[in-house]
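**Q** A single structure is presented below for examination.
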Amino acid sequence: MLHELYFDGLGGNGQPGGSVVEALSLWFGSFDAWAAEFRRTAMSLAGGSGWCMLSYNRHMGSLHNYWAWDHMHAPATGAPLIALDMYEHSYHMDYGTAAARYIDAFLGNLDWEVIDNRYRAASA
Numbered sequence: 003m004l005h006e007l008y009f010d011g012l013g014g015n016g017q018p019g020g021s022v023v024e025a026l027s028l029w030f031g032s033f034d035a036w037a038a039e040f041r042r043t044a045m046s047l048a049g050g051s052g053w054c055m056l057s058y059n060r061h062m063g064s065l066h067n068y069w070a071w072d073h074m075h076a077p078a079t080g081a082p083l084i085a086l087d088m089y090e091h092s093y094h095m096d097y098g099t100a101a102a103r104y105i106d107a108f109l110g111n112l113d114w115e116v117i118d119n120r121y122r123a124a125s126a
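In structure tokens form, the structure reads like this:
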């Protein structure tokens, strides 16, 4: 499932938009603050393995960045909105050890319309 979220969320121009951006600003202080925390979370996995996720907590109505080490562990009430594959095989061939460049490329190709649709569905 995480690979489906990963690939389905790509193909955009990386320009944030929609109600999810407003929610990110509300929960993290600004969109840039969210992006910085997401990058830090992803970089903590560089050279190792795992997923960096943005999730909507259905119980609290809040947004959270977290890491998952496999396909089985996620917040119990969480609806994943963004899934970034940080397993080395996902970026090493193109980026080598430059995981930060891979993260930037990922964020620059997100389809925020897809992310916003996920957010609206989860928060409805």
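In my numbering, the protein residues as written are 3 to 126. We treat Cβ as the ideally placed atom computed from N, Cα and C, and that holds for glycine.
1. Short check: CB of Gly13 to CB of Asp113, under 7 Å?
2. Quick one: grab the DSSP three-state call for Trp29.
3. Counting C-beta neighbours from all protein chains within 10 Å, is the total for Trp71 16 or more, i.e. buried, or is it exposed?
4. How about Arg41 and Leu83: are their beta carbons less than 7 Å apart?
5. If you draw a straight line from the C-alpha of Thr99 to the C-alpha of Gly49, how long is it?
6. Since Tyr93 is in the alpha helix (DSSP H), which residue starts that stretch and which ends it?
7. Per DSSP, what kind of secondary structure is Gly50 in: helix, strand or coil?
8. Output the boundary residues of the alpha helix (DSSP H) element that contains Asn119.
9. Using alpha carbons as the reference points, say which of Met62, Ala126 and Ser46 lies closest to Met88.
10. Rounded to whole angstroms, how far is the Cβ of Glu39 from the Cβ of Asn67, which I believe are closer than 8 Å?
11. Output the boundary residues of the alpha helix (DSSP H) element that contains Leu7.
12. What residue from Gly16, Ala102 and Gly80 has the CA that sits closest to His61's CA?
**A** Let me lay it out:
1. For the purposes of this step, residue 13 is taken as residue 11 along the sequence shown, with counting starting at 1. For the purposes of this step, residue 113 is taken as residue 111 along the sequence shown, with counting starting at 1. In contact: Gly13 and Asp113 (Cβ atoms closer than 7 Å).
2. Along the sequence shown, one-based indexing puts residue 29 at 27. Three-state result, Trp29: helix.
3. Along the sequence shown, one-based indexing puts residue 71 at 69. Exposed is the call here.
4. The count along the sequence shown starts at 1 and reaches residue 41 at position 39. The count along the sequence shown starts at 1 and reaches residue 83 at position 81. No; because the gap between Cβ atoms is not below 7 Å, this pair is not in contact.
5. Working through the sequence shown from its first residue, we reach residue 99 at position 97. Working through the sequence shown from its first residue, we reach residue 49 at position 47. Roughly 7 Å between the two C-alpha positions.
6. Your numbering for residue 93 matches position 91 in the sequence shown. Segment: none, Tyr93 is in no alpha helix (DSSP H) and carries neither H nor E.
7. Indexing the sequence shown from 1 puts residue 50 at position 48. Coil at Gly50, not helix or strand.
8. Translated into positions along the sequence shown, residue 119 becomes position 117. It spans Trp114 to Ser125 - the alpha helix (DSSP H) in which Asn119 sits, taken as one unbroken run.
9. For the purposes of this step, residue 88 is taken as the residue at position 86 of the sequence shown. Here the closest residue by C-alpha is Ser46.
10. Against the sequence shown, residue 39 aligns to sequence position 37. Against the sequence shown, residue 67 aligns to sequence position 65. Contact flag correct, Cβ pair sits at about 5 Å.
11. By one-based count along the sequence shown, residue 7 stands at place 5. Leu4 to Asp10 is the extent of the alpha helix (DSSP H) around Leu7.
12. Taking the first residue of the sequence shown as 1, we reach residue 61 at position 59. Taking only the C-alpha atoms, the option nearest His61 is Gly80.
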